[in-house]
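Structure first, then comments.
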Ligand code: SF4
Ligand code: SF4
Ligand code: SF4
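In our numbering, the protein residues as written are 212 to 393.
Right, here's the structure in full:
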């Protein structure tokens with residue numbers, strides 16, 4: 212993006228979210244003189260919003276691609292002509308990430324908040340630390356018995372209540388590491 216700059220990213224960057232980030236910039240910068248750029252970039256961003264929130268279908272992916280080409284070919288100036296580049300480029304090189312969001316409802320980079328899930332594994336010893344930090348009361352000690360001697364049970368996360376804040380993962384003792392983000 213831009214000129215003379217390079218950004219290095221790794222597997223912890225979500226390419227769909229990156230495309231959405233740049234679209235936000237071009238939406239703000241569009242002067243509004245021509246329709247493809249003025250309206251089209253907003254429509255692109257709406258579709259990207261749906262994808263990162265797990266609400267998109269494969270039909271939306273087709274719409275995203277054809278609209279991106281249309282904006283590129285029909286905008287009046289360089290801003291509109293290059294605005295879809297992050298979308299087209301990520302679609303070309305990271306289409307599997309788009310498909311993971313749309314088909315599997317997963318963000319491979321664990322960036323898109325609405326697609327994350329926090330899960331308690333069998334490593335849980337039933338210490339209860341996660342329960343005490345959860346702001347939603349989404350965790351209960353209702354899993355299998357973790358310790359026959361004490362009778363403590365493993366934690367279970369109610370996914371309906373979870374707001375994906377990550378506090379439980381941080382609270383779980385590192386040497387146990389019973390909570391995973393998937
Ligand atoms: S392509 Fe250029 S002229 Fe058209 S709305 Fe965008 S910034 Fe304005
Ligand atoms: S991620 Fe936050 S809201 Fe969800 S279970 Fe953990 S502490 Fe509770
Ligand atoms: S903090 Fe970790 S070990 Fe303790 S109850 Fe929660 S998940 Fe289990």
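All residues carry an ideal CB built from backbone N, CA and C; glycine is no exception.
Remember, it's a predicted structure, so these values are computed and weren't measured experimentally.
Among the residues of its own chain, which have a CB less than 7 Å from the CB of residue i, if the five just before and after it don't count?
{"i": "residue 261", "result": "267, 271"}
{"i": "residue 235", "result": "256"}
Quick check on the burial criterion: 16 or more other C-beta atoms within 10 angstroms. Buried or exposed for residue i?
{"i": "residue 337", "result": "buried"}
{"i": "residue 288", "result": "exposed"}
{"i": "residue 366", "result": "buried"}
{"i": "residue 308", "result": "buried"}
{"i": "residue 377", "result": "exposed"}
{"i": "residue 251", "result": "buried"}
{"i": "residue 269", "result": "exposed"}
{"i": "residue 286", "result": "buried"}
{"i": "residue 332", "result": "exposed"}
{"i": "residue 388", "result": "exposed"}
From the options, pick the residue whose C-alpha is nearest to that of residue i; which is it?
{"i": "residue 311", "options": "354, 387, 234, 226", "result": "226"}
{"i": "residue 297", "options": "228, 242, 342", "result": "228"}
{"i": "residue 371", "options": "330, 341, 340", "result": "330"}
{"i": "residue 346", "options": "327, 380, 314, 357", "result": "380"}
{"i": "residue 325", "options": "332, 334, 315, 333", "result": "315"}
{"i": "residue 254", "options": "358, 264, 356, 231", "result": "231"}
{"i": "residue 222", "options": "383, 305, 295", "result": "305"}
{"i": "residue 353", "options": "344, 239, 339", "result": "339"}
{"i": "residue 357", "options": "224, 335, 248, 240", "result": "335"}
Only counting the same chain, and skipping five residues up and downstream in sequence, which positions put a Cβ closer than 6 Å to that of residue i?
{"i": "residue 275", "result": "258"}
{"i": "residue 295", "result": "279, 282, 283"}
Got a sec? Which residues, its chain only, sit under 8 Å from residue i by beta carbon, not counting five neighbours each side?
{"i": "residue 303", "result": "none"}
{"i": "residue 327", "result": "318, 321, 375, 392, 393"}
Consider the C-beta atom of residue i and the heavy atoms of ligand 3; say whether any pair is separated by less than 6 Å.
{"i": "residue 391", "result": "no"}
{"i": "residue 343", "result": "no"}
{"i": "residue 363", "result": "no"}
{"i": "residue 336", "result": "yes"}
CB of residue i to nearest heavy atom of ligand 1: below 6 Å?
{"i": "residue 251", "result": "no"}
{"i": "residue 244", "result": "yes"}
{"i": "residue 388", "result": "no"}
Between residue i and ligand 2, is there a pair consisting of the residue's CB and a ligand heavy atom that are separated by less than 6 Å?
{"i": "residue 378", "result": "yes"}
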